[in-house]
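Enquirer: Last residue of the sequence shown: number 122 in the numbering used here, and the count goes up by one each step with no gaps. Before we start, here is the structure in question, set down as structure tokens.
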Amino acid sequence: NMDGSVAQSAGVFGWNYNRANFKFDNGQRWARYTTGRKMAMAQAGMFREDITDLAGVSMGKLKIFGPIYGIVMTVCITVFVEGRSGLKFPGPPVFISQIYLQCLGVGM
């Protein structure tokens, strides 16, 4: 009967010892998990800031290039509709107009 109580005492001691270690590890595990989640959210925020910065460069350039390109397109379409560049004077020879209009079309 003595052996049974020793085994029972050892079992209870082992159970309590493991339970205390589990609770200790569980707290550390939760802290590590929440820290990892916070870092992942911060990383996603930094990625969004990078995308905003990269898009801002293109948007800044388009604010300048857009109106200029609109004016250029207006002139090019006017030349295409008229069919020649010299409107007040006699037009250039046909082959030169063809080359010019082709270059104008490719450039658009």
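Even glycine gets a Cβ: it sits at the ideal position worked out from N, Cα and C. Bear in mind the structure is a predicted one, so any value in this text is a computation, not a measurement.
DSSP on M60, reduced to helix/strand/coil?
Expert: M60: helix per DSSP, three-state reduction.
Enquirer: In three-state DSSP terms, what is G28?
Expert: G28: helix per DSSP, three-state reduction.
Enquirer: Counting Cβ pairs, one atom from each stretch, are 3 or more of them under 8 Å apart for the stretch 100 to 111 and the stretch 80 to 88?
Expert: With a cut-off of 8 Å, the stretch 80 to 88 and the stretch 100 to 111 do not count as touching, because too few Cβ pairs lie within range.
Enquirer: Which value, in whole angstroms, describes the spacing of the CA atoms of Q116 and F94?
Expert: The alpha-carbon atoms of Q116 and F94 are separated by roughly 10 Å.
Enquirer: What number of angstroms, rounded off, separates the C-alpha of A54 from the C-alpha of I91?
Expert: Using only the alpha carbons, I get a separation of about 52 Å.
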